[in-house]
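What follows is a set of notes on a single structure, which appears directly below.
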Amino acid sequence: MNEELEKRIKKVNAKKFGEDLVGWFEEEMRDLPWRENQDPYRVWVSEIMLQQTRVDTVIPYYNRFMEQFPTVEALANAPEDQVLKAWEGLGYYSRARNLQAAVREVHETYAGIVPDNPKDISALKGVGPYTAGAILSIAYGKPEPAVDGNVMRVMSRILSIWDDIAKPSSRKIFEAGVRELIYKENPSYFNQALMELGAIVCTPTSPSCFLCPVQAHCAAFEEGTQQELPVKSKKKAAKTVELLTVIAENKKGEVLVTQRPEQGLLANMWEFPSFERNGTDTGVQMTELLSSDYHVDAMIIDEEWMVQDHIFTHLIWKMQVGRATVNQSDTALPEQTQWVSKDDIEKLAMPVSHRKIANRWKELT
DNA sequence: CATTCGTGGCG
DNA sequence: TCGCCAAGAAT
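This is the structure we're talking about:
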């Protein structure tokens, strides 16, 4: 740790900082479902769902998930497609698969008891430095840092840290800072308070310093630099990909759907057959690819039935959706591909763009 | 280390 | 409208 940071840390009265912060949290903490108790499994699920995801978005998913999979054993024994379906719409779907894989590991290796030490808990799939610290502190009261985006923002201001928080190496600096300042009487509340403060008071733009419980300890406030911190470099722009998507319907009123590969983007999610545009005639490309990739003989009845954009963080799909009718009934379909009825398509886990298309399809008479 | 991995909300 | 973002991890 560099000398400048060490000096900043020593300048903070750690005891009073912790008391002020935790005292504020005890008064102001929001009533959230994962704060009902400290069940490590419940804390764990909440932390996974909250990764890169807003509290308001998570709440309804969390409540449904805990009702459906209330215990380690329940989730360990659940079919994987059911877990993915429960995650539909929440994004970052590998979180769901990693969570279940890790829960099965806990079920089998640790007799259903979530590990309470850094080494074992960090070895679980989907549990990185932040989540490990969060579970250890919140569920087990261990004095471990849990450094997320909120904590980096808050601490960059408290300690006047000008390192780029977009760089992975910066996290260690903040962990070191938190280790020195963590309130050992209540590490759980201390960590949660830092995040709560970041979410409610010490916000990215125009922080509400006038109502901050630790204003007196804040280097940025003292220097008037709270608007300039944290330093965060920008990510590169998203690339656009043009896709053709086909609603291929058979005589029974069923539609062709296929499951994406188990690795990569939207892993294991179900979707309508989609192809990257190759520049040739739209209808021709739809027909030929349905034939070569899915072995179905289709007739295009509408090349541009609807359009749908799908905006990811690093990618934009511009989808042109066509409709086709398929005559042959029982040709062998490729693996991971099937016909589904309007009733059954609800049971499949689909990404938002395809779910929107599915809903529109269901409105057809 | 830089990139990949979703989604919805907000100024 | 659009860039930016939100309790990150895996590769």
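For the first sequence, this note's numbering begins at -6 and goes up steadily by one. Don't be surprised by glycine CBs; every beta carbon is placed ideally from N, CA and C. Everything numeric in this text was worked out from a predicted model, so none of it was measured.
According to the DSSP assignment, K311 belongs to the beta strand (DSSP E) that extends over 308 to 319. In this structure, L204 sits away from S149, with a CB-CB distance that is not shorter than 8 Å.
The alpha-carbon separation between A209 and K4 amounts to approximately 11 Å. Look at the beta carbons and you see the region 150 to 158 not touching the region 73 to 80: under three pairs across the two are nearer than 8 Å.
Judged by pairs of C-beta atoms under 8 Å, the region 4 to 14 does not touch the region 112 to 125, as fewer than three such pairs exist. The DSSP-derived three-state label of A325 is coil. Spanning the alpha carbons of L236 and D336 requires a straight line of approximately 26 Å. Membership of I128 in the alpha helix (DSSP H) is indicated by the continuous run 122 to 131. Taking 8 Å as the upper bound for CB-CB distance, V239 and V333 are not in contact here, some 14 Å apart. Across the structure, R316 and G84 are spaced so that their CA atoms are roughly 27 Å apart.
Proximity to W310 across I293, F268, K245, K118 peaks at F268, based on C-alpha coordinates. In the three-state reduction of the DSSP assignment, T196 falls in the coil class, being assigned neither a helical nor a strand state. Counted as a single uninterrupted DSSP element, the alpha helix (DSSP H) harbouring H100 occupies residues 87 to 102.
For G217 and V147, the gap between their C-alpha atoms comes out near 14 Å. Using a Cβ distance threshold of 8 Å, L283 and V289 count as a contacting pair. Beyond the five residues adjoining it in sequence on each side, A94 comes within less than 6 Å, by CB distance, of K118 in the same chain, given in chain order.
The criterion of a C-beta distance shorter than 8 Å is satisfied by P180 and K135.
The continuous stretches of alpha helix (DSSP H) do not include V5, and DSSP gives it neither H nor E. Annotation: I154 is outside any beta strand (DSSP E) and is labelled neither H nor E by DSSP.
Check the Cα spacing between L174 and each of R348, S346, A7: the tightest is with A7.
Cα atoms of D32 and D74: separation of roughly 25 Å, rounded to the nearest angstrom. Between the alpha carbons of N320 and A291 lies a gap of roughly 7 Å. In this structure, the straight-line span from the alpha carbon of K177 to that of Q44 is close to 25 Å. As the crow flies, the alpha-carbon of P53 is around 11 Å from that of E60. Per DSSP, H303 is one residue of the beta strand (DSSP E) stretching across 291 to 304. Secondary structure of K165 (DSSP, three-state): helix. The beta carbons of A132 and V38 sit no closer together than 8 Å.
Contact between the region 224 to 234 and the region 244 to 264 is absent, with fewer than three C-beta pairs closer than 8 Å.
For S115, there is no enclosing beta strand (DSSP E); the enclosing alpha helix (DSSP H) covers residues 111 to 115.
Setting aside the 5 residues that flank it on each side, F10 is surrounded in the same chain by L174, V207, H210, each with a C-beta closer than 7 Å to its C-beta; the list follows chain order.
S285 and R28 have their C-alpha atoms spaced approximately 53 Å apart.
The C-beta distance from S346 to Q301 rounds to 5 Å, short enough to meet the 8 Å contact threshold.
If you check the CB distance, V120 and V65 do not come in under 8 Å. Burial check for G82: the Cβ neighbour count within 10 Å stays below 16, so the residue is exposed. Under the DSSP definition of a beta bridge, A230 lacks any partner. Excluding five sequence positions before and after Q219, the CB atoms of its chain that fall closer than 7 Å to its own CB belong to R150, P200, C202, A213, given in chain order.
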